[in-house]
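Undergrad: What follows is a single structure, and I will ask about it in a moment.
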Amino acid sequence: MDCHTQALQSNIGQHTDGREFNTGRRYLERPKERPKTSDRVLNLYEDKEYDGSFDNKPMHLYDINFIHPFQFLETDQVRLEPFVPLKHIEGFLALPDSSWNVMGDLGPYNRQTALEDIEAFRSDPQCLLLAIMDKQRENAEMDAFAGVYGLIEVSEYMDAVFGVINVHPRYQRTHVNSHCMSLVLSYLFDTLRLIRVQYDAVIFNVQSIKSAGRFGFKEEGIARNYNGLVPASKKRKGEEKRQSQDMWLGSMTDYEWDTEGRNRLKEMLKRTPVDTTSLE
Numbered sequence: 001m002d003c004h005t006q007a008l009q010s011n012i013g014q015h016t017d018g019r020e021f022n023t024g025r026r027y028l029e030r031p032k033e034r035p036k037t038s039d040r041v042l043n044l045y046e047d048k049e050y051d052g053s054f055d056n057k058p059m060h061l062y063d064i065n066f067i068h069p070f071q072f073l074e075t076d077q078v079r080l081e082p083f084v085p086l087k088h089i090e091g092f093l094a095l096p097d098s099s100w101n102v103m104g105d106l107g108p109y110n111r112q113t114a115l116e117d118i119e120a121f122r123s124d125p126q127c128l129l130l131a132i133m134d135k136q137r138e139n140a141e142m143d144a145f146a147g148v149y150g151l152i153e154v155s156e157y158m159d160a161v162f163g164v165i166n167v168h169p170r171y172q173r174t175h176v177n178s179h180c181m182s183l184v185l186s187y188l189f190d191t192l193r194l195i196r197v198q199y200d201a202v203i204f205n206v207q208s209i210k211s212a213g214r215f216g217f218k219e220e221g222i223a224r225n226y227n228g229l230v231p232a233s234k235k236r237k238g239e240e241k242r243q244s245q246d247m248w249l250g251s252m253t254d255y256e257w258d259t260e261g262r263n264r265l266k267e268m269l270k271r272t273p274v275d276t277t278s279l280e
């Protein structure tokens with residue numbers, strides 16, 4: 001459960017060197033073995049501004065506006081799908097306020113502020129917000145929303161940053177986060193062929209830093225005042241006069257993924273899953 005907050009400076013439709021992105025209309029099919037949840041995901045990547053009118057769009061009409069092709073990611077235990085407010089907002093608002101304590105200026109949320117931040121992700125083509133769906137609970141017709149993964153700065157320079165990871169506290173010490181991390185890293189390195197993925201955590205979020213090491217991220221150092229403009233309510237003792245917080249930075253390269261990371265995550269996925277239907 002960690003977050004790195006950065007100003008999402010939208011560069012819609014244009015590379016930093018002035019070249020225009022290739023635009024086009026395309027439908028992204030869901031895996032054929034699971035047709036029941038949704039038919040398809042819409043990705044209309046265009047160089048225009050958006051007016052925030054996507055709050056009530058169903059999955060097949062919700063434009064994820066992402067620079068790269070994307071298809072639902074899933075194991076036998078979890079599924080990662082584009083965050084669609086009409087489907088996922090209630091689960092998002094049910095995330096405990098305390099789960100946002102280490103996430104800079106993100107959260108806690110009411111419906112309006114949540115929709116505003118979700119739209120900020122959607123309107124930037126280098127960002128992708130994903131909903132975590134617990135398939136055990138889904139099959140039992142229970143509340144299956146398990147949290148969010150957010151990618152930012154997925155760039156033409158073949159790198160990406162985890163912008164937000166907030167898994168519901170009920171899933172601590174379960175298989176859920178390992179399955180999600182394996183899916184996302186495989187997508188970034190094996191599908192998109194990126195060469196570097198960055199993972200950040202505020203320095204006092206010891207649990208998140210330990211998780212990063214367990215997943216295979218290598219420490220790069222501490223970035224000072226790197227957690228956005230932190231509101232007074234989230235500042236810890238000694239931070240009263242500071243506007244931000246220091247962040248632990250880690251990363252994984254494509255070489256590290258190929259030589260050890262992929263197999264490390266595969267071994268984690270062999271762990272016996274927890275019965276999540278018994279979690280409160």
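Read left to right, the sequence shown gives residues 1 to 280 (the UniProt record's numbering).
We treat Cβ as the ideally placed atom computed from N, Cα and C, and that holds for glycine.
These numbers come from a predicted model, not from an experiment.
Where do the N-terminal and C-terminal ends of the alpha helix (DSSP H) with lysine 57 fall, by residue?
TA: As a first step, residue 57 must be located in the sequence shown, where it is residue number 57. First-last for lysine 57: undefined, no H or E at that position.
Undergrad: Could you please give me the residues that DSSP links to glutamine 198 through a beta bridge?
TA: For this step, residue 198 is matched to residue 198 along the sequence shown. Answer is Val161, Ser251, bridged to glutamine 198.
Undergrad: Is glutamate 74 helix, strand or coil by DSSP?
TA: What you label residue 74 is simply residue 74 of the sequence shown in a count that begins at 1. Correct three-state label for glutamate 74: strand.
Undergrad: Residues in its own chain within less than 6 Å of valine 197 by CB, not counting five upstream and five downstream?
TA: For this step, residue 197 is matched to residue 197 along the sequence shown. Hits under 6 Å: Ala160, Leu188, Met252.
Undergrad: For alanine 94, count the other beta carbons within 10 Å of its own beta carbon; 16 or more makes it buried, fewer makes it exposed. Which is it?
TA: Indexing the sequence shown from 1 puts residue 94 at position 94. It is exposed - the Cβ of alanine 94 has fewer than 16 other Cβ atoms within 10 Å.
Undergrad: From the DSSP output, in three-state form, read off asparagine 139 for me.
TA: Walking along the sequence shown from the start, residue 139 turns up at place 139. DSSP places asparagine 139 in helix when its eight states are reduced to three.
Undergrad: The beta strand (DSSP E) that contains valine 148, what's its start and end?
TA: Walking along the sequence shown from the start, residue 148 turns up at place 148. Unbroken beta strand (DSSP E) run through valine 148: 145 to 152.
Undergrad: Is it buried or exposed, leucine 61, if we count other Cβ atoms within 10 angstroms and call 16 or more buried?
TA: Residue 61 sits at position 61 when you count from the first residue of the sequence shown. Classification of leucine 61: exposed, given that the 10 Å Cβ count is below 16.
Undergrad: Which residues in the same chain have their Cβ closer than 7 Å to the Cβ of tyrosine 149, if we skip the five residues on either side of it in sequence?
TA: Translated into the one-based positions of the sequence shown, residue 149 becomes position 149. Once the five neighbours on either side are set aside, the close Cβ partners of tyrosine 149 are Leu80, Leu130, Ile132, Ile165, Cys180, Val184.
Undergrad: Over what stretch of residues does the alpha helix (DSSP H) that includes aspartate 117 continue unbroken?
TA: Translated into positions along the sequence shown, residue 117 becomes position 117. Unbroken alpha helix (DSSP H) run through aspartate 117: 111 to 123.
Undergrad: Using DSSP bridges, identify the partner residues of asparagine 225.
TA: Residue numbering aside, residue 225 sits at position 225 when the sequence shown is read from its first letter. Answer by DSSP bridge pairing: none, since asparagine 225 is not bridged.
Undergrad: Starting from the C-beta of aspartate 143, find all residues in its chain whose C-beta is less than 6 Å away, skip the five residues before and the five after it, and write them out in chain order.
TA: For this step, residue 143 is matched to residue 143 along the sequence shown. Hits under 6 Å: none found.
Undergrad: Between the alpha carbons of arginine 122 and leucine 106, how many angstroms are there, rounded?
TA: Within the sequence shown, numbered from 1, the residue matching residue 122 stands at position 122. Within the sequence shown, numbered from 1, the residue matching residue 106 stands at position 106. Approximately 15 Å between the Cα atoms of the pair.
Undergrad: Among residues of its own chain, excluding the 5 on either side of aspartate 258, which ones have a beta-carbon nearer than 6 Å to its beta-carbon?
TA: On the sequence shown, position 258 is the one that residue 258 refers to. Hits under 6 Å: none found.
Undergrad: According to DSSP, simplified to helix, strand and coil, what is methionine 133?
TA: In the sequence shown, counting from the first residue as 1, residue 133 sits at position 133. Here methionine 133 sits in strand by DSSP.
Undergrad: Could you tell me if aspartate 117 is buried or exposed, where buried requires 16 or more neighbouring beta carbons within 10 angstroms of its beta carbon?
TA: In the sequence shown, the residue the question calls residue 117 occupies position 117. Buried is the call here.
Undergrad: Have a look at threonine 277 and arginine 242 and give me their C-alpha separation to the nearest angstrom.
TA: Start at 1 with the first residue of the sequence shown, and residue 277 comes out as number 277. Start at 1 with the first residue of the sequence shown, and residue 242 comes out as number 242. In a straight line, the C-alpha of threonine 277 is about 43 Å away from that of arginine 242.
Undergrad: Rounded to the nearest angstrom, what separates proline 108 and asparagine 227 at their Cα positions?
TA: On the sequence shown, residue 108 is found 108 positions in, with the first residue counted as 1. On the sequence shown, residue 227 is found 227 positions in, with the first residue counted as 1. The straight-line gap from Cα to Cα measures roughly 16 Å.
Undergrad: Confirm, please, whether the CB-CB distance from leucine 265 to serine 211 is below 8 Å.
TA: The residue given as residue 211 occupies position 211 in the sequence shown. The residue given as residue 265 occupies position 265 in the sequence shown. In this structure, leucine 265 does not lie closer than 8 Å to serine 211 by Cβ.
Undergrad: Can you look up leucine 192 in the DSSP assignment and give me helix, strand or coil?
TA: Reading the sequence shown from its first residue, position 192 is the one you call residue 192. If DSSP states are grouped into helix, strand and coil, leucine 192 belongs with coil.
Undergrad: Please list, in chain order, all residues of the same chain as aspartate 63 whose beta carbon is under 6 Å from its beta carbon, the five residues on each side excluded.
TA: To locate residue 63, count along the sequence shown from 1; it is residue 63. So the list reads Leu42, Leu44, once near-sequence residues are dropped.
Undergrad: So arginine 271 and histidine 168 are in contact, right, with Cβ under 8 Å, and what is the actual spacing, rounded?
TA: Counting from 1 along the sequence shown, the entry for residue 271 is found at position 271. Counting from 1 along the sequence shown, the entry for residue 168 is found at position 168. Not really, about 19 Å apart at Cβ, beyond 8 Å.
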